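Take a look at the structure below.
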Amino acid sequence: MNVARKICGSILLADDGSEFARAAAEFVANLPLSPNCRVTVLRVFTSQQATELGSLEDALSRTCEYLRNRGLQVDSELLLGSPAQVITEYAESHKIDLIVMGAKGLRATLGILLGGVAQQVVEYSSCPVLVVRPPYQQVKRVLLLTDGSPGSDAVIQYFGRFPFPAELDVRVMHVLPPPPLPVMASFGAADRMIYEPLAITEAVAQERAREEEAGKALLQRTIADLAAFNVKATSVLKRGDAATEILEYIKDQKIDLAITGSRGLSQIKAWMLGSVSRKLVHYAACSVLVVRSK
Numbered sequence: 705m706n707v708a709r710k711i712c713g714s715i716l717l718a719d720d721g722s723e724f725a726r727a728a729a730e731f732v733a734n735l736p737l738s739p740n741c742r743v744t745v746l747r748v749f750t751s752q753q754a755t756e757l758g759s760l761e762d763a764l765s766r767t768c769e770y771l772r773n774r775g776l777q778v779d780s781e782l783l784l785g786s787p788a789q790v791i792t793e794y795a796e797s798h799k800i801d802l803i804v805m806g807a808k809g810l811r812a813t814l815g816i817l818l819g820g821v822a823q824q825v826v827e828y829s830s831c832p833v834l835v836v837r838p839p840y841q842q843v844k845r846v847l848l849l850t851d852g853s854p855g856s857d858a859v860i861q862y863f864g865r866f867p868f869p870a871e872l873d874v875r876v877m878h879v880l881p882p883p884p885l886p887v888m889a890s891f892g893a894a895d896r897m898i899y900e901p902l903a904i905t906e907a908v909a910q911e912r913a914r915e916e917e918a919g920k921a922l923l924q925r926t927i928a929d930l931a932a933f934n935v936k937a938t939s940v941l942k943r944g945d946a947a948t949e950i951l952e953y954i955k956d957q958k959i960d961l962a963i964t965g966s967r968g969l970s971q972i973k974a975w976m977l978g979s980v981s982r983k984l985v986h987y988a989a990c991s992v993l994v995v996r997s998k
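Sequential numbering from 705 applies to the sequence shown in my numbering.
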């Protein structure tokens, strides 16, 4: 991947001192960023934390020093307000290319895979958001998701110009819809309704074959688009519930990073994820990059 990169001239790293934020900092430190890229480390505090400003500044300085020692240009901000709102508004007003943050913070609830702040930032940010899950490990296996929509095209363009490490194992995945299963209802013992599968008709079989051919063609086009960025990828075609198939593949194949698009309700505010992207961010056992389409 020696193509000149234009993405990530500015990165906003949300830091709250948690293990998730440390993993996010490690993720950024290990990206082959351009020498001109600037990383802003943002720590947001609430009015209840006003007496802790000294310790917050110290923690912020440690994160900045860690990144500077890795050769990055680093700025810092310590701002008062609601964390999710400050992060999204800062990113928009400063034309940030990428927000990087941990999946959960210091006050995360046990058993919840995505913290409230991260959830709000992913939902409402107008720029791409990378949600990092610890422990940090070098990104080797990447899963790029496509459904042929304009949002998927934006993912391809963003991925092709993103400063990922070399020698990635890139898989491109498309999930076909689950087929309708024809059934016959009958009454069994104790008047219980029993549903029995019927034989698949030729028409249904032909429709499935057409869907599979269309899915394969989509994957081939996506791989060709990535090849224009000198990215080699392999295709993965599945059928079933999209979120379930994706999450199981991530777990079985030990994917390090999943990349998905999103859908927006307006050009300015009220961004909302599609249902599959939302489930992926919440439940995937890996880091997730959500790319907004402009």
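Note that the Cβ used here is the ideal one computed from N, Cα and C, for glycine as well.
Small disclaimer: the values here were computed from a predicted structure and weren't measured.
Query, Result
"DSSP three-state assignment for S829, whether helix, strand or coil", "coil"
"For A962 and P838, believed in contact at Cβ under 8 Å, the rounded distance", "Contact doesn't hold; Cβ gap of about 16 Å is too wide."
"Contained alpha helix (DSSP H) runs [length at least 4] in the segment 709–753, N- to C-terminal order", "723–733"
"Cα-Cα separation between L930 and G758, rounded to whole angstroms", "47 Å"
"7 Å Cβ shell around T792 - same chain, five flanking residues per side excluded", "V825, Y828, S829"
"Q777 (DSSP reduced to helix, strand or coil)", "strand"
"Range covered by the alpha helix (DSSP H) that runs through I803", "Where I803 is concerned, there is no enclosing alpha helix (DSSP H), although the beta strand (DSSP E) it sits in stretches over 802–806."
"Inter-residue Cα distance where the pair is A807 and F866", "21 Å"
"Proximity to L993 [Cα-Cα], best of T750, L872, L802", "L802"
"Residues of its chain near I816, where Cβ-Cβ distance is below 8 Å and the 5 sequence neighbours each way are ignored", "Reliability of the predicted coordinates at I816 is poor, the pLDDT of 44 falling under 50, and no value is obtained from them."
"Beta-carbon contacts of Q777 that lie in its chain and below 6 Å, excluding the five residues immediately before and after", "R742"
"Which listed residue (A946, D956, S797, L880) has its alpha carbon closest to that of S981", "A946"
"Reference A788, options R747, S966, G775, T755, closest by Cα", "R747"
"Residue span of the alpha helix (DSSP H) that contains R914, given as start and end", "906–931"
"Rounded straight-line distance, which links the Cα of A932 to that of I860", "10 Å"
"Endpoints, the alpha helix (DSSP H) within which T964 is located", "That residue, T964, is in no alpha helix (DSSP H); its beta strand (DSSP E) goes 961–965."
"Cβ neighbour criterion (16 or more within 10 Å) applied to R914", "exposed"
"R845 - DSSP class collapsed to helix/strand/coil", "strand"
"Cβ pair H878, L923 closer than 8 Å", "yes"
"Span separating the alpha-carbon of A988 from that of A921", "27 Å"
"For T938, the residue or residues it bridges with in DSSP", "R875"
"is_contact[N734, chain C] using C-beta, thresh 8 Å", "Included in the structure is just one protein chain, with no chain C present."
"Unbroken beta strand (DSSP E) run spanning S991, endpoints", "991–995"
"Whole-Å CB distance - G965 paired with A858, under 8 Å assumed", "6 Å"
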